[in-house]
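Only one structure is covered here, and it is reproduced in the block below.
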Amino acid sequence: MPVVAGSYAFATGVSAFFEMPTSDARRILPDHLEPVEVTHQRSILAVTAFHFTESVAGPHVELMFSVIVPPVPGQWKQRQHPKAGFYPFLAATSSDESRQHRSEGFSIPHITDDIDAKFVESAGTLRVSIWSRRGPIVDLTVTQHKWESTTHLLHTFMMDGNRRLKSNLQVSGRYTVHENERGRMTLHHHPMTTALTLDEISPYPFREHWLKDGVELFHPLETL
Amino acid sequence: MADSKPPDTLVKRPTVETRSRLGDADEDRPAMQYDYTNFYFGAGEDPFALLDPFDAWWSEAEPEGYYQYESPLQSAPSTRVDVLDKKTGEVRAGLINFASYNYLGLSYRAEVKEAIKAAVDVYGGGSSGSPILSGTTALHQELSEEVAHFKLKEGALVFPTGYSANVGTIAGLMRSGDLIVADQWAHASIVDGMVLSKATSRFFRHNNVEDLERKLSGFNGKKLVVVEGVYSMDGDLPPLRDIVTVSKKYGARIMIDEAHSVFVFGDNGRGVVESLDLEEEVDIHLGTFSKSLGGQGGYTAGSLKLINYLRGFSRSRFFSCALAPTVVAGVLTALRLARSEPQLRTKLWDNVRFMNAKLDGAGVPTGASASQVIPIMVRDDARIFRIGEELFRAGVFINPVKYPAVPKHKSRFRMSISAAHTHDDLERGAAIIAGVLRDFGVCQ
Numbered sequence: 001m002p003v004v005a006g007s008y009a010f011a012t013g014v015s016a017f018f019e020m021p022t023s024d025a026r027r028i029l030p031d032h033l034e035p036v037e038v039t040h041q042r043s044i045l046a047v048t049a050f051h052f053t054e055s056v057a058g059p060h061v062e063l064m065f066s067v068i069v070p071p072v073p074g075q076w077k078q079r080q081h082p083k084a085g086f087y088p089f090l091a092a093t094s095s096d097e098s099r100q101h102r103s104e105g106f107s108i109p110h111i112t113d114d115i116d117a118k119f120v121e122s123a124g125t126l127r128v129s130i131w132s133r134r135g136p137i138v139d140l141t142v143t144q145h146k147w148e149s150t151t152h153l154l155h156t157f158m159m160d161g162n163r164r165l166k167s168n169l170q171v172s173g174r175y176t177v178h179e180n181e182r183g184r185m186t187l188h189h190h191p192m193t194t195a196l197t198l199d200e201i202s203p204y205p206f207r208e209h210w211l212k213d214g215v216e217l218f219h220p221l222e223t224l
Numbered sequence: 225m226a227d228s229k230p231p232d233t234l235v236k237r238p239t240v241e242t243r244s245r246l247g248d249a250d251e252d253r254p255a256m257q258y259d260y261t262n263f264y265f266g267a268g269e270d271p272f273a274l275l276d277p278f279d280a281w282w283s284e285a286e287p288e289g290y291y292q293y294e295s296p297l298q299s300a301p302s303t304r305v306d307v308l309d310k311k312t313g314e315v316r317a318g319l320i321n322f323a324s325y326n327y328l329g330l331s332y333r334a335e336v337k338e339a340i341k342a343a344v345d346v347y348g349g350g351s352s353g354s355p356i357l358s359g360t361t362a363l364h365q366e367l368s369e370e371v372a373h374f375k376l377k378e379g380a381l382v383f384p385t386g387y388s389a390n391v392g393t394i395a396g397l398m399r400s401g402d403l404i405v406a407d408q409w410a411h412a413s414i415v416d417g418m419v420l421s422k423a424t425s426r427f428f429r430h431n432n433v434e435d436l437e438r439k440l441s442g443f444n445g446k447k448l449v450v451v452e453g454v455y456s457m458d459g460d461l462p463p464l465r466d467i468v469t470v471s472k473k474y475g476a477r478i479m480i481d482e483a484h485s486v487f488v489f490g491d492n493g494r495g496v497v498e499s500l501d502l503e504e505e506v507d508i509h510l511g512t513f514s515k516s517l518g519g520q521g522g523y524t525a526g527s528l529k530l531i532n533y534l535r536g537f538s539r540s541r542f543f544s545c546a547l548a549p550t551v552v553a554g555v556l557t558a559l560r561l562a563r564s565e566p567q568l569r570t571k572l573w574d575n576v577r578f579m580n581a582k583l584d585g586a587g588v589p590t591g592a593s594a595s596q597v598i599p600i601m602v603r604d605d606a607r608i609f610r611i612g613e614e615l616f617r618a619g620v621f622i623n624p625v626k627y628p629a630v631p632k633h634k635s636r637f638r639m640s641i642s643a644a645h646t647h648d649d650l651e652r653g654a655a656i657i658a659g660v661l662r663d664f665g666v667c668q
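Heads up: the protein sequence lines correspond to chains A and B, in order. Okay, so the first sequence: first residue is 1 according to our numbering, each after it adds one. Okay, so the second sequence: first residue is 225 according to our numbering, each after it adds one.
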């Protein structure tokens, strides 16, 4: 597998956290990863959608479903301690090139459909709708709190056969986050959502992240 | 006691330079962009792997003002307190105290102190044993009987803490294969009891009865619904009547934790259940002695069969040392005072109304409180601790509450009103709080 790093400039991005049954999370995760529980028996499904304007795989839209997992502790003084860990278990993109780049370069499973998306911002609210030829996948609304500039270090974990992989992910940009539970999500029945027990996923994001005008930088993959 | 002392500090308006400093975001202070949750989970094989990064973070975060807790009091938790400023090493005297529970001002009443002194002479310091072995004294027995009598229940069990009461009651009753449904903002001790019970746990959206019904439906087996009388971070109440209706529809037993509401609500102080005439509909009644009574410990009250069962299965109780007899003596006296002096509750509610009017008049955002717990909503995680420092310096002792204790950007100060506060205390406190919040742009 080629070891690559990727830089992805985005105009808009959203990452919303939802409670999901820990039993679902464990079923999705490989053996060496544990789900982070937001409360007893409830783990975290992260639904992220980005509109990348420039990247090593060209402009594209990406939808990713992840389970939040513990990151690998890092040195604080070197600013290497991550804020969170993600296990992206399924993604979808709007182009062949980006799909190939992400699935082969980063071992992130993808559905084969091209997706299309609408990001509509109005009055402090962002509405994201994503669909493919087989129908709608997700409708997601997030809201703003206070905008700041920020850089976050995250860890993403992947599997390539039996190989356990990790990539450091640095996300920079304008950013707002809150837990006011003003957002909303509808997950539709679609090949992208078959791994999830839809009735058991809260339709309300307990945390809403909204990002603008930033960059995602995936560091080269490491074998754990 | 520091009751009669004036505050030694006046409201100090920050200078323009200071205000600019105070208004900075945390972008240039990486430590303040992290919190406890970032050091809770860590992959790897060494259980100590998080200690080094946590320690390094903490060594930056604490001097930045991240942690404003455990400031040692140098006086009783009365309406004015002397508190050690951990940054300067100086004692700040006569701060107006909105941080302590002590809702009825009983912890330092002369009668309580006398009872404690008398118990020392008879029993010495500790109880020296589990309550089921040698730790139960005549005072413990008297207290449990008095609690049962007060709550109009057949029996009551005394626990060493309120935490222990929730853990011991829930885990003592519920088992693997059962279902427990609790409000999403239920206290950590309720959650820990659920975890320990190994029952299936579900949480319904705060005070949302429709969601409670969703969480109860379709489950066959034993079911317990757990709510609180007053939610400790927002000061709001549950829609208990509707919760009872839905719980009964699904055959669920109902437990209420009245830690913050017993001795405060109801004509006789028996809690939210009394104020709503639902005392018989609720199956398990919890409370603490550490809030309104200013003591320590907790209780569970209910039918004699329930209490006898829990006596045998509440591990958090019988694997702990019983409460010190001195504490029990103080609690017993405070309980009798709370029962015999309903004017304390009248004064408390008068103070709550007075303070709410002062805060509202000053434009201070206070959330949806319906109790003596009033959240001062700041909604700014980056600056909550700096605002807390300014309040401390300006003469108010009040605890900031930030994520993860409350959701992100729902940071607030949790204000506890006491029957012992004078209107002057409250008026001065409201003026200081409004002044500091104005300086930070939190209110107009």
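Here a beta-carbon is modelled for each residue, glycine too, at the ideal position from N, C-alpha and C.
Asked	Found
If I measure Cβ to Cβ from GLY379 of chain B and keep anything under 8 Å in the same chain, skipping five residues before and after, which residues do I get?	SER368, ALA372, ALA525, GLY526, SER527, LEU528, LEU530, ILE531, ASN532
Is it the case that the Cβ atoms of GLN41 of chain A and SER425 of chain B are separated by a distance below 7 Å?	yes
Measuring alpha carbon to alpha carbon, tell me which of B:GLY536, B:SER540, B:SER564 ends up nearest LEU330 of chain B.	B:SER564
Please go through the same chain and pick out, in chain order, the residues whose beta-carbon is closer than 6 Å to the beta-carbon of SER538 of chain B, but skip the five residues on each side of it.	GLY392, GLY396
Quick one: which chain A residues come within Cβ less than 9 Å of HIS373 of chain B?	The contacting residues do not exist; HIS373 of chain B stays about 35 Å from chain A at best.
Would you mind stating whether GLY612 of chain B and LEU319 of chain B have Cβ atoms separated by less than 7 Å?	no
From this set, A:ILE115, A:ALA9, A:PHE18, A:ALA5, which residue's C-alpha is nearest ARG182 of chain A's C-alpha?	A:PHE18
Taking Cβ positions only, does CYS667 of chain B come closer than 7 Å to chain A?	no
With C-beta atoms as the reference, is VAL307 of chain B less than 7 Å away from SER324 of chain B?	no
Three or more beta-carbon pairs under 8 Å between the region 382-389 of chain B and the region 539-549 of chain B, yes or no?	yes
Taking DSSP as the reference, what is the three-state secondary structure of ARG652 of chain B?	helix
Could you tell me whether the Cβ of VAL415 of chain B comes closer than 7 Å to any Cβ of chain A?	yes
Can you check whether the CB of TRP76 of chain A is closer than 7 Å to the CB of ALA280 of chain B?	yes
Could you pull out every residue in the same chain whose Cβ sits closer than 7 Å to the Cβ of GLN596 of chain B, ignoring the five residues on either side in sequence?	TYR327, VAL488, LEU572, VAL576, SER640, ILE641
How about the region 551-571 of chain B and the region 410-425 of chain B: do they share at least three Cβ pairs that are nearer than 8 Å?	no
Cα-Cα, which of A:PHE206, A:SER95, A:VAL67 is closest to LEU45 of chain A?	A:VAL67
Looking at C-beta atoms only, is the number of pairs between the region 22-29 of chain A and the region 121-137 of chain A that lie closer than 8 Å three or more?	no
Spell out whether any CB of chain B is found under 7 Å from the CB atom of PRO73 of chain A.	yes
Where GLY173 of chain A and GLU208 of chain A are concerned, what is the direct C-alpha to C-alpha distance, given to the nearest angstrom?	15 Å
Given that MET418 of chain B touches chain A, what residues does it touch there, using C-beta distances under 7 Å?	HIS40
According to DSSP, is ASN262 of chain B part of a helix, a strand, or is it coil?	helix
Provide the residue span of the beta strand (DSSP E) that contains ILE622 of chain B, from first to last.	Premise fails: ILE622 of chain B is in no beta strand (DSSP E) and is neither H nor E.
May I ask you to list, following chain order, the residues of the region 49-64 of chain A that have a beta carbon less than 8 Å from some beta carbon of chain B?	none
Of the choices A:LEU90, A:ARG133, A:VAL69, A:ARG102, whose alpha-carbon is the least far from that of HIS219 of chain A?	A:ARG102
Short check: CB of GLU179 of chain A to CB of LYS632 of chain B, under 7 Å?	yes
Specify whether the region 502-511 of chain B and the region 475-494 of chain B touch according to this definition: at least 3 beta carbon pairs, one from each stretch, less than 8 Å apart.	yes
Quick one: which chain A residues come within Cβ less than 8 Å of TRP281 of chain B?	TRP76, HIS81
Determine, using beta-carbon pairs with one atom in the region 270-289 of chain B and one in the region 89-109 of chain A, whether at least three such pairs fall under 8 Å.	no
By the DSSP assignment, the alpha helix (DSSP H) with ASN168 of chain A in it spans what residues?	Counting along the chain, ASN168 of chain A falls outside any alpha helix (DSSP H), though it belongs to the beta strand (DSSP E) covering 163-178.
In whole angstroms, give me the CA-to-CA distance for ALA84 of chain A and VAL69 of chain A.	7 Å
Among the candidates B:ILE656, B:ILE622, B:PRO301, whose CA atom is the shortest distance from the CA of TYR293 of chain B?	B:ILE622
Hey, could you find the ends of the alpha helix (DSSP H) ILE340 of chain B is sitting in?	334-347
Between ARG610 of chain B and ARG662 of chain B, what straight-line distance do the alpha-carbon atoms span, to the nearest angstrom?	13 Å
On the three-state DSSP scale, how would you describe THR193 of chain A?	helix
Is there a Cβ of chain B sitting closer than 7 Å to that of GLU179 of chain A, yes or no?	yes
Give the residues of chain B in contact with HIS145 of chain A, contact being defined as C-beta atoms less than 7 Å apart.	HIS633
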